[in-house]
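Notes for the one structure printed next.
Number of protein chains: 4
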Amino acid sequence: MLDFVNDYAEGAHDKILDRLRETNLESTPGYGNDSFCESARQKIRKACGCEGADVYFLVGGTQSNQVVIDSVLRGYEGVIAAETGHIAVHEAGAIESTGHKVLGLPHEEGRLQPDVVRRYIKDFYADANHDHMMFPGMVYISHPTEYGTLYTKQGLEGLSAVCREYGIPLYLDGARLGYGLACADTDVSLEDIAEYCDVFYIGGTKVGALCGEAVVFTKENTPRQFLTLMKQHGALLAKGRLLGLQFDVLFTDGLYLEIGEHALKMAALLKKAFAEKGYRFYIESPTNQIFIVLDNRQMEELGKKVNFSFWERLDDEHTVARFVTSWATQESAVRGLISIL
Amino acid sequence: MLDFVNDYAEGAHDKILDRLRETNLESTPGYGNDSFCESARQKIRKACGCEGADVYFLVGGTQSNQVVIDSVLRGYEGVIAAETGHIAVHEAGAIESTGHKVLGLPHEEGRLQPDVVRRYIKDFYADANHDHMMFPGMVYISHPTEYGTLYTKQGLEGLSAVCREYGIPLYLDGARLGYGLACADTDVSLEDIAEYCDVFYIGGTKVGALCGEAVVFTKENTPRQFLTLMKQHGALLAKGRLLGLQFDVLFTDGLYLEIGEHALKMAALLKKAFAEKGYRFYIESPTNQIFIVLDNRQMEELGKKVNFSFWERLDDEHTVARFVTSWATQESAVRGLISIL
Amino acid sequence: MLDFVNDYAEGAHDKILDRLRETNLESTPGYGNDSFCESARQKIRKACGCEGADVYFLVGGTQSNQVVIDSVLRGYEGVIAAETGHIAVHEAGAIESTGHKVLGLPHEEGRLQPDVVRRYIKDFYADANHDHMMFPGMVYISHPTEYGTLYTKQGLEGLSAVCREYGIPLYLDGARLGYGLACADTDVSLEDIAEYCDVFYIGGTKVGALCGEAVVFTKENTPRQFLTLMKQHGALLAKGRLLGLQFDVLFTDGLYLEIGEHALKMAALLKKAFAEKGYRFYIESPTNQIFIVLDNRQMEELGKKVNFSFWERLDDEHTVARFVTSWATQESAVRGLISIL
Amino acid sequence: MLDFVNDYAEGAHDKILDRLRETNLESTPGYGNDSFCESARQKIRKACGCEGADVYFLVGGTQSNQVVIDSVLRGYEGVIAAETGHIAVHEAGAIESTGHKVLGLPHEEGRLQPDVVRRYIKDFYADANHDHMMFPGMVYISHPTEYGTLYTKQGLEGLSAVCREYGIPLYLDGARLGYGLACADTDVSLEDIAEYCDVFYIGGTKVGALCGEAVVFTKENTPRQFLTLMKQHGALLAKGRLLGLQFDVLFTDGLYLEIGEHALKMAALLKKAFAEKGYRFYIESPTNQIFIVLDNRQMEELGKKVNFSFWERLDDEHTVARFVTSWATQESAVRGLISIL
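Chains as they are written, first to last, in the numbering used here: chain V, 411 to 751; chain R, 411 to 751; chain Z, 411 to 751; chain L, 411 to 751.
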């Protein structure tokens with residue numbers, strides 16, 4: 411069975427396993443105070459072009475979103491997100507469970523538009539009753555988005571400008587950041603993200619790590635006692651070294667980008683084949699997620715030989731299917747899928 | 411520098427790293443629906459003598475306590491714990507952050523006494539104002555306790571009887587369970603724990619895993635939609651296989667107990683040496699934590715060559731120091747420490 | 411200055427003040443255990459045609475919504491509401507602050523449609539990822555709605571059928587219930603509400619009381635320890651008698667309906683005048699809230715002599731204004747406004 | 411039946427009822443923006459000798475404690491209180507339900523001692539693991555305490571000094587403040603409280619009002635958007651005038667103190683009689699709560715003719731009973747009780 415279901419189906423990049431083995435018996439302090447974490451922090455700061463960045467390692471994406479958002483927001487504030495944003499839909503109410511509303515706004519292929527955000531905030535403050543409403547206290551975006559699309563530099567700049575106008579932070583969820591940074595057509599670098607965003611996380615789980623995300627505060631704006639808040643949310647790993655070591659490897663010799671490039675190369679092969687065979691693309695994603703409209707017969711036939719994701723039902727006859735490549739996708743598997751198509 | 415600070419200072423047992431490597435490129439579903447998790451569940455059920463047990467894998471101890479306690483309790487209920495219990499002191503308010511009070515009771519060397527718990531609950535219901543108070547909705551114990559002490563079978567039975575009398579669950583935090591089960595003097599087996607407790611967790615992080623705890627519901631009492639509740643608390647690992655695989659290894663060929671036995675053997679060597687050299691034990695712990703009273707000069711001298719924990723200040727002249735052995739402690743290190751003593 | 415801003419601008423119905431005076435020095439137990447509360451409960455049960463109803467008195471509407479919804483929902487559940495519902499917009503995140511998501515759905519003049527709700531829940535359960543989403547655990551409606559519109563009996567029956575199909579409760583916010591029940595054109599009685607809804611509240615604050623809402627559980631479905639949960643939410647009034655007494659008066663000799671009828675009579679006079687003068691109605695509300703489209707000049711002129719509410723901006727030239735009558739509206743004030751029109 | 415159960419058993423002081431009647435048909439804005447609230451704020455500021463004080467009116471004591479404490483504390487902070495403090499025992503976990511731990515400390519007849527508080531905070535910061543614990547973020551005291559005792563000016567000054575040393579606010583719960591201020595032996599005035607405390611509330615419910623407490627921030631330290639936070643907690647009364655009007659009356663012509671003096675005069679009569687008849691005082695309370703040790707026979711006999719509170723069981727033979735006087739206590743009732751004694 412060929413597997414294109416997602417980008418977290420396998421273990422970890424070989425170099426990570428190698429390094430785990432090499433360092434296994436070194437004794438280190440717990441909770442992120444070890445030399446692996448420190449080394450990873452330095453490399454991330456350098457990669458971001460932001461020497462003053464404050465970096466924390468958490469285990470997963472929902473956890474990172476929950477801890478960051480709850481720590482940054484005040485009690486009367488909610489977080490603006492695209493209606494399709496991960497925090498708005500697929501985190502089982504993790505944000506609400508900490509007391510904050512997700513303020514869902516319309517989007518363009520998963521992206522928030524600066525004008526839409528500005529209009530919302532402006533209308534909010536113009537509303538005579540806004541003291542009886544949850545305040546917009548942060549803007550959340552994902553890059554790549556849930557549809558695999560990317561912001562442009564101009565788009566990020568625009569959102570950043572709105573946020574600064576109203577004094578609220580811009581937060582970027584980079585669960586699949588490696589697949590965005592490695593895109594040939596993007597004009598957005600890690601340095602740009604560090605410049606425009608007040609806080610963001612660099613995804614590890616979906617980009618070659620066993621687990622782990624690196625949360626980066628870029629503006630000397632780390633919430634007070636963030637470590638204690640991590641602990642309180644059950645998000646402070648005892649063996650923090652496990653996370654630090656992985657990011658240390660990912661940010662050594664450009665491995666993080668290399669992983670992204672591999673997945674995009676595999677995705678390009680696959681997209682070309684879909685296009686040539688006349689399949690209809692649901693959305694033009696430039697990254698490692700491919701959304702294809704299949705009719706019922708195609709769904710059934712393909713499903714016998716390939717694992718992929720059901721994305722959404724389009725109509726009685728058609729379904730949107732998602733095919734994902736990753737650091738672990740082998741060219742032979744792509745060729746296999748293409749021959750089936 | 412010799413290291414006896416804690417039992418989570420190194421990576422993981424070799425067999426775990428081996429297995430990670432072997433299985434690295436196998437493609438599996440996410441969120442605990444993989445074959446490694448399923449295999450581990452079966453082995454844990456068998457080890458517990460509880461075929462109907464429901465097993466979930468979480469990343470860490472505070473996280474497990476938070477998710478279990480918040481999921482099991484009703485909104486008006488708190489959790490009874492020893493005043494020294496981990497949830498009462500060292501989890502940064504993780505329980506309170508989900509809305510529940512930790513009802514701290516006096517203890518005997520870290521252990522809750524059945525009579526003390528019964529008296530508390532009885533007095534609670536006898537109080538005319540108890541509708542204005544947080545209800546005792548669960549009893550939390552740790553085994554080994556924070557002082558390294560163990561419950562007897564009779565002790566567990568007694569607490570279980572109180573809990574059943576009042577219809578509330580007994581929950582056991584087994585962060586260091588392996589070091590308790592392997593104790594030569596204990597009469598408490600994993601089967602006993604599964605019998606007397608309604609829910610407990612088997613610690614991995616401190617017993618040879620990179621991370622991970624196995625939460626076990628033993629009485630067909632899993633809270634509805636527990637998976638969704640894990641997700642909501644940021645505690646559902648995407649690559650659940652990482653946790654399942656580790657517990658699968660730990661519960662193959664008795665590795666979990668073997669790890670415990672090794673640490674206790676190392677601890678026994680060390681305790682013998684402390685005793686022979688005339689050091690004063692702060693508490694008689696039968697497991698892998700050793701609490702020694704040091705005077706200021708000893709603290710200073712030892713601190714130059716050995717890493718250990720400051721536990722608490724006893725008086726101006728004396729301090730309680732904690733020395734911990736683990737799955738990773740090498741006999742040469744113990745010999746080294748003994749020679750220093 | 412004439413006042414049509416809202417229905418909570420004055421004190422209380424004379425009969426309530428009279429009764430407060432008469433009973434002032436009677437000594438009663440606190441927290442709702444007094445004879446006034448008990449008498450009010452009996453009268454409400456009778457008016458609802460529901461002898462088994464369980465009735466609690468709370469101070470305000472947002473408080474009632476928060477306590478009821480948080481007490482009824484499980485941790486992984488959210489509440490379905492119209493996107494314009496009070497809990498979705500104007501309660502400052504009171505529902506989210508207790509950990510639950512408000513699941514906003516499209517509406518028809520403030521009313522939820524049974525088909526829309528059924529489709530949403532059906533799609534939810536059909537979604538392969540719904541374990542990672544907040545579950546629909548309750549349906550919230552307001553009657554009259556925020557637009558002053560009313561459900562029909564058939565509409566209520568339809569929503570109730572959806573709720574029962576999926577085993578979730580239907581909750582009705584009756585902040586202005588009196589003005590709905592008294593409507594000549596409605597086919598919905600208090601008995602119908604008690605039949606179709608699992609829980610609802612009868613508004614006092616906006617219908618002649620100083621403060622107070624009566625929460626009614628109709629299906630032997632009161633959450634366990636609801637009194638303790640009220641206390642925990644800061645919603646248990648020490649002098650519960652203040653609330654019980656007011657509802658006792660409101661439900662004596664049909665006063666509650668009488669108050670509603672008076673306000674509707676005043677509203678009818680006003681609507682007739684608006685219509686005759688050619689004003690444009692933004693919505694055809696059958697109750698005590700009147701929504702009129704004014705142009706900028708009208709806004710300015712009227713604003714000099716009459717207090718009314720800015721509702722929303724329609725376009726650069728036009729605004730929706732809201733005029734509200736109440737138990738306290740005097741016919742002379744209505745005549746005054748008409749003469750100004 | 412004579413009634414000495416509590417100080418919230420009757421309605422309200424006559425002057426409040428009179429004023430409610432007089433002003434009943436005046437139309438006012440909602441949510442505390444009315445002239446009654448504004449007038450009361452001015453009078454309270456003046457009585458506190460604190461022109462810059464920010465005053466909000468809430469409905470009840472638990473609600474005030476919850477909203478103030480949750481609004482002032484950061485997420486990682488708890489609140490220090492006497493183990494017998496109302497928030498620690500009798501508010502059904504209202505503080506924990508908002509995510510904060512109540513850090514209970516030993517007390518002297520209900521009073522926190524500055525040295526005990528300082529030692530606790532000092533030890534907290536000296537603990538190497540304090541990043542894994544809930545931080546002390548506020549000190550809560552009640553005055554009079556739950557035992558009817560009072561702080562001295564020196565005691566308040568001492569607590570205030572500790573709080574300022576560590577940069578955390580001192581909060582005073584004045585549910586029965588009137589009975590403390592009116593005490594002949596106290597050296598603590600309302601001005602002193604405003605000076606030493608960062609925030610406090612002046613109790614209305616137990617001191618002659620139907621309901622209501624006035625929260626006072628004294629140091630230009632009102633939490634941002636406090637009104638929105640009140641709304642979110644269900645604590646913003648629509649007819650805020652009801653609260654403002656009552657405090658306006660209570661702070662006109664010294665009524666608040668007059669009410670306190672009356673209750674203390676009644677209490678003095680009663681204490682004298684208890685003493686003369688040889689009853690044993692459990693505690694020497696200088697305010698309106700009298701704690702008497704009764705043997706079982708006395709309990710039974712007295713209980714036939716007088717309502718009083720069961721406070722706590724002392725031993726098999728003896729019980730602590732509480733007798734409370736109030737603004738509403740009539741001298742004839744006191745004489746009646748004395749004749750029974």
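Every residue gets a Cβ at the ideal spot worked out from N, C-alpha and C, and that includes glycine. None of the values given here were measured: they were computed from a predicted structure.
I want to see whether chain V comes within less than 8 Å of residue i, judged by CB atoms only; does it?
i, result
"G664/L", "no"
"K511/Z", "yes"
"T632/L", "no"
"S481/L", "yes"
"D583/R", "no"
"H542/Z", "yes"
Using 8 Å as the limit for Cβ to Cβ distance, is residue i near chain L?
i, result
"F720/R", "yes"
"Q635/V", "yes"
"S507/R", "yes"
8 Å is my cut-off, CB to CB: does residue i come that close to chain R?
i, result
"H643/V", "yes"
"E601/L", "no"
"V489/L", "no"
Could you tell me which residues DSSP pairs with residue i in its beta bridges?
i, result
"F716/V", "Checking the sequence, you will find Val at residue 716/V rather than Phe. Note: V716/V sits in a beta bridge opposite L412/V."
"E518/V", "R521/V"
"I612/L", "G584/L and A624/L"
"D705/R", "H728/R"
"V734/Z", "Q699/Z"
"E722/L", "V730/L"
Closest Cβ-Cβ distance between residue i and chain Z: below 8 Å?
i, result
"N706/V", "no"
"A648/L", "yes"
"E710/V", "no"
"D444/R", "no"
"A502/L", "yes"
"V744/V", "no"
Against chain B, with Cβ distances strictly below 8 Å, would residue i count as a contact?
i, result
"A731/Z", "The chain inventory of the structure shown lacks chain B, comprising the protein chains V, R, Z and L."
Assuming residue i and residue j make a contact with CB atoms under 8 Å, what is their CB distance in whole Å?
i, j, result
"G547/Z", "L483/Z", "5 Å"
"Y581/Z", "C607/Z", "7 Å"
"I426/V", "Q656/V", "5 Å"
"H510/R", "D480/R", "7 Å"
"M411/V", "N631/V", "Actually they do not touch by this definition, with Cβ atoms about 47 Å apart."
"Y666/Z", "G558/Z", "Incorrect: roughly 18 Å between the Cβ atoms, too far for contact."
"A604/V", "C458/V", "4 Å"
Please determine whether the Cβ atom of residue i lies at a distance below 7 Å from any heavy atom of the ligand MG.
i, result
"E668/Z", "Absence of the ligand MG is noted for the structure shown, with no ligands found whatsoever."
Does the region 568-583 of chain Z come close enough to the region 525-540 of chain Z that 3 or more CB-CB pairs lie under 8 Å? yes
Quick check: the region 688-708 of chain R against the region 627-646 of chain R, are there 3 or more CB pairs under 8 Å? no
May I have a chain-ordered list of the alpha helix (DSSP H) segments no shorter than 4 residues that lie completely inside the region 523-566 of chain R? 524-536
Every unbroken beta strand (DSSP E) within the region 424-512 of chain Z, with a cutoff of 3 residues, ordered by chain: 464-468 and 487-492
Answer yes if the region 665-680 of chain Z comes into contact with the region 733-751 of chain Z, meaning at least three C-beta pairs across the two stretches below 8 Å, and no otherwise. yes
Whole beta strand (DSSP E) runs in the region 642-693 of chain V with 3 or more residues, listed along the chain? 690-693
Could you check whether the region 427-440 of chain Z touches the region 424-440 of chain L, counting it as contact only if at least three pairs of C-beta atoms, one from each stretch, sit closer than 8 Å? yes
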